[in-house]
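Taking it in order: structure first as structure tokens, then the write-up.
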Amino acid sequence: MKYLKSLLFTAFFGAGLLLSAQTSGDWQQHVDYSMDVEMDVKTYQYQGTQKLVYTNNSPDQLDRVFYHLYYNAFQPGSEMDIRLQNIKDPDKRMMQDGKSRIASLSESEMGYLHAKSLTQDGQSVTFKEEGTILVVDLAKPIPAGGKTTLEMTFEGQVPLQIRRSGRNSSEGVALSMSQWYPKLSEYDFEGWHPNPYIAREFHGVWGDFDVKITLDKDYTVGGSGYLQNPQEIGHGYETPGTKVKTKGKTLTWHFKAPNVHDFMWAADPEYIHDTYEMEDGPTLHFFYKDNPEFNENWKNLQPKTAEAMAFFSNNVGKYPYEQYSVVQGGDGGMEYAMSTLITGERQFGSLVGVMVHEMAHSWFQHVLATNESEHEWMDEGFTSFISSLCMNQIMEQNKQNPFEGSYRGYYALVNSGLEMPQSTHADRYPTNFAYGVSAYSKGSIFLSQLGYIIGQDKLMETIQKYFEDFKFKHPVPNDIKRTAEKVSGMELNWYLTDWTQTTNTIDYGIKSVEANGEGTKVTMERIGEMPMPLDILVVGKDGTQKTYYVPLRMMYGEKDNPYPNLERTVLEDWPWAYPTYEFTLDMPLDNVQAIMIDPSQLMADVNGENNVYQAEE
1 MKYLKSLLFT AFFGAGLLLS AQTSGDWQQH VDYSMDVEMD VKTYQYQGTQ KLVYTNNSPD
61 QLDRVFYHLY YNAFQPGSEM DIRLQNIKDP DKRMMQDGKS RIASLSESEM GYLHAKSLTQ
121 DGQSVTFKEE GTILVVDLAK PIPAGGKTTL EMTFEGQVPL QIRRSGRNSS EGVALSMSQW
181 YPKLSEYDFE GWHPNPYIAR EFHGVWGDFD VKITLDKDYT VGGSGYLQNP QEIGHGYETP
241 GTKVKTKGKT LTWHFKAPNV HDFMWAADPE YIHDTYEMED GPTLHFFYKD NPEFNENWKN
301 LQPKTAEAMA FFSNNVGKYP YEQYSVVQGG DGGMEYAMST LITGERQFGS LVGVMVHEMA
361 HSWFQHVLAT NESEHEWMDE GFTSFISSLC MNQIMEQNKQ NPFEGSYRGY YALVNSGLEM
421 PQSTHADRYP TNFAYGVSAY SKGSIFLSQL GYIIGQDKLM ETIQKYFEDF KFKHPVPNDI
481 KRTAEKVSGM ELNWYLTDWT QTTNTIDYGI KSVEANGEGT KVTMERIGEM PMPLDILVVG
541 KDGTQKTYYV PLRMMYGEKD NPYPNLERTV LEDWPWAYPT YEFTLDMPLD NVQAIMIDPS
601 QLMADVNGEN NVYQAEE
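Using UniProt numbering, the first residue of the sequence shown is number 1, and each one after it goes up by one.
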């Protein structure tokens, strides 16, 4: 039956995929950062000043604000440390000899980030540090539509590289500076989001960043933002053919990053800095350690990065910045504004793969900025979906189903008994396994299966409209659902509800196939609780093929024929409450070779064995 499972799949995808219960609210908060930081590369300690202009675009008066102090997580006894010691399957990167690496950090190895002083419009305010959150009682409320200026002095120490950020990584990168500054918490239609840092991801406020970083002149810096003083800095930023002379032991790097919700930088004295100019796209920057074993991979990565940038811009929406940086650092791969940190000592295919995934986050997280604590599947899942398509094209993988890995992961989760609804807060999953599969695999299937429901052309149109309508906002699940409804003309609340808010599974089967005069009666059964429309392929013994389409009544609509080269019969709607459904084929039973539910394999049916009828030989 293997040929049946792959039958028509390539034609079903073809060019179609490569076409160029909440509301997120009509307002966004805004914050502008001006920061000046001095880093001591010997002690890994830094001092900084921050001027923050906060615009309250909400309809609410705000009496207090919250900051994130992420580096405080890298201390023995922190919430991240305790969670690491108690979760059933801890992140291996954070463990050594079966024990928490955070728990063993010495005073000089751990991280910290502390506010030393804080004023509001020149008046001192009361603040209290509670783990990775700074709670600030304002001197005066910020009225709806009002602005205020918060000025802070702060100090920090960069922890040993354990998770995402840190110093002296396993690949020898000196500084991976992500989540390094006091970052204002987001306030949206749900209220404040001062989530403690327990190893998951982030939620931030849109704004403009103006950042000055002073450190040893031998270090090359790369990351977010446009360098404002390249002719003073050099290090590969200067105009080609010119020379830069520096004085003193340090350099002050001045970056500006407009309309972003994060700012990352990395630095190392051994970085090679390459640039790659795209014909119709941003300037690409690459920062990687000078390692003869991997330098060729990094050179070959550069045109592939340009191909990926073009793919995402064509299939999701135009990349809105003039620069993108791929930086060796961190502990795996993690996306940041206008940039990514990735580990670099990889085989070429793996290096391309991690770059593609993290670059895709520039759309599904750094432009479409979902709250990753509450809707991580919209970030990781949508990124996994589009990066799978991208890899299939730019690496010429020619997979009939680029999403096979996501479906395998989802089925493994279902069979494990550990599945939680995707509406579960990211920190509340009892296992990293359940979180990872729910976010990446099941999140990816949300889109690939949506294409099965509304049609592949409508899916890509939905993704592009979603990007255009919600870029530089914080979309929530209802926003992608409503976009798909507007594009397809179908009602899809049932899909969003069952797939993301429950652990209901899809299981349809062919219950019986019987002679019925000159025709053949087929009885289908719904075994799982989650409803779906059905595509059914019928193959005759004479080699003829045709399809039957059973719409789901609660969709109140039908998709176009996904197999335009085959005759399709649209049957009566199947009301979900009915456990069985019958229809008749216009061919005698003796002529039926096989019947198969969903030849595309895009419907995440948890039991494929009952999806196929095969005539006895």
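Just so it is clear, CB atoms sit at the ideal spot from N, CA and C, and this is done for glycine as well.
(request) For residue 152, write down the residues that DSSP places opposite it in a beta bridge. (result) DSSP lists 50, 118 as partners of residue 152.
(message) Does the segment 333 to 347 come into contact with the segment 414 to 431, if we say contact requires no fewer than three beta-carbon pairs (one atom in each stretch) closer than 8 Å?
(response) Judged by Cβ distances under 8 Å, the segment 333 to 347 makes no contact with the segment 414 to 431, as fewer than three pairs qualify.
(message) Can you look up residue 397 in the DSSP assignment and give me helix, strand or coil?
(response) coil
(message) Let me check one thing: in DSSP terms, what residues is residue 521 bridge-paired to?
(response) 514, 584
(request) Kindly identify the DSSP beta-bridge partner or partners of residue 92. (result) The partner list for residue 92 (beta bridge, DSSP) is empty, contrary to what the question assumes.
(message) Can you list, in chain order, the residues of its chain with a C-beta nearer than 8 Å to that of residue 226? Leave out the 5 residues immediately preceding and following it.
(response) 255, 256, 257, 322, 323
(message) Alpha carbons only, please: which of 252, 239, 234, 253 is nearest the one belonging to residue 245?
(response) 234
(message) Using only CA atoms, which one of 402, 219, 238 lies nearest to residue 228?
(response) 238
(request) Taking residue 33 and residue 202 to be in contact with their CB atoms under 8 Å, please state how far apart those CB atoms are, rounded to whole angstroms. (result) Actually they are not in contact, since the Cβ atoms of residue 33 and residue 202 sit about 15 Å apart, beyond 8 Å.
(message) Excluding the 5 residues flanking residue 47 on each side, which residues of the same chain have their C-beta closer than 6 Å to its C-beta?
(response) 38, 155
(request) Find out if the Cβ-Cβ distance for the pair residue 555, residue 490 is shorter than 8 Å. (result) yes
(message) Pairs of beta-carbons, one from the segment 601 to 614 and one from the segment 498 to 510, closer than 8 Å: are there three or more?
(response) yes
(message) Using only the alpha-carbon positions, how far apart do residue 71 and residue 548 sit?
(response) 57 Å
(message) Within 8 Å, do at least three Cβ pairs link the segment 389 to 399 to the segment 162 to 174?
(response) No, the segment 162 to 174 does not touch the segment 389 to 399.
(message) When you compare the CB positions of residue 343 and residue 360, do they come within less than 8 Å of one another, or not?
(response) no
(message) Is the separation between the beta-carbon of residue 125 and that of residue 67 shorter than 8 Å?
(response) no
(request) Answer with buried or exposed for residue 584, where buried requires no fewer than 16 other C-beta atoms within 10 angstroms of its C-beta. (result) exposed
(request) Would you kindly work out how many angstroms separate the C-alpha atoms of residue 69 and residue 427, rounded to a whole number? (result) 17 Å
(request) Tell me the start and end of each unbroken beta strand (DSSP E) in the segment 450 to 518 that is at least 3 residues and wholly inside, in chain order. (result) Segments of the beta strand (DSSP E) lying fully in the segment 450 to 518: 508 to 516.
(request) For the segment 426 to 445 and the segment 358 to 377, state whether three or more C-beta atom pairs, one from each stretch, are separated by less than 8 Å. (result) yes
(request) Look at the alpha carbon of residue 600 and the alpha carbon of residue 533, and state the distance between them as a whole number of angstroms. (result) 13 Å
(request) In angstroms with no decimal places, state the Cα-to-Cα distance between residue 54 and residue 380. (result) 29 Å
(request) Output the distance between the C-alpha atoms of residue 213 and residue 220, rounded to the nearest integer angstrom. (result) 11 Å
(request) Drop a sphere of 10 angstroms on the beta-carbon of residue 140, count the other beta-carbons inside from all chains shown, and report buried for 16 or more, exposed for fewer. (result) exposed
(request) My understanding is that residue 216 touches residue 250, with C-beta atoms under 8 Å, so please give their C-beta distance in whole angstroms. (result) 6 Å
(request) Could you have a look at residue 253 and say whether DSSP puts it in helix, strand or coil? (result) strand
(request) For residue 522, count neighbouring C-beta atoms within 10 Å of its own C-beta (all shown protein chains included) and say buried if the count is 16 or more, exposed if not. (result) buried
(request) Name the residue from 314, 478, 285, 278 whose alpha carbon lies nearest to the alpha carbon of residue 265. (result) 285
(message) Give me the residue from 590, 330, 432 with the minimum Cα distance to residue 84.
(response) 432
(request) For the segment 300 to 348, list the beta strand (DSSP E) runs that are entirely contained and at least 3 residues long, ordered along the chain. (result) 323 to 328, 333 to 336, 339 to 342
(message) Helix, strand or coil, according to DSSP, for residue 568 in the structure here?
(response) Residue 568 falls in the strand class under three-state DSSP.
(message) Among 345, 282, 307, whose alpha-carbon lies nearest the alpha-carbon of residue 292?
(response) 345
(request) Go ahead and pull the three-state DSSP assignment for residue 281. (result) coil
(request) Below 8 Å on the Cβ atoms is my guess for residue 666 versus residue 475; work out the distance and round it to an integer in Å. (result) This structure cannot speak to residue 666, because the chain is shown only from 1 to 617.
(request) Would you give the residue range spanned by the alpha helix (DSSP H) that residue 198 belongs to? (result) Run containing residue 198: none; DSSP gives neither H nor E here.
(message) Would residue 131 and residue 196 be called neighbours here (beta carbons separated by less than 8 Å)?
(response) yes
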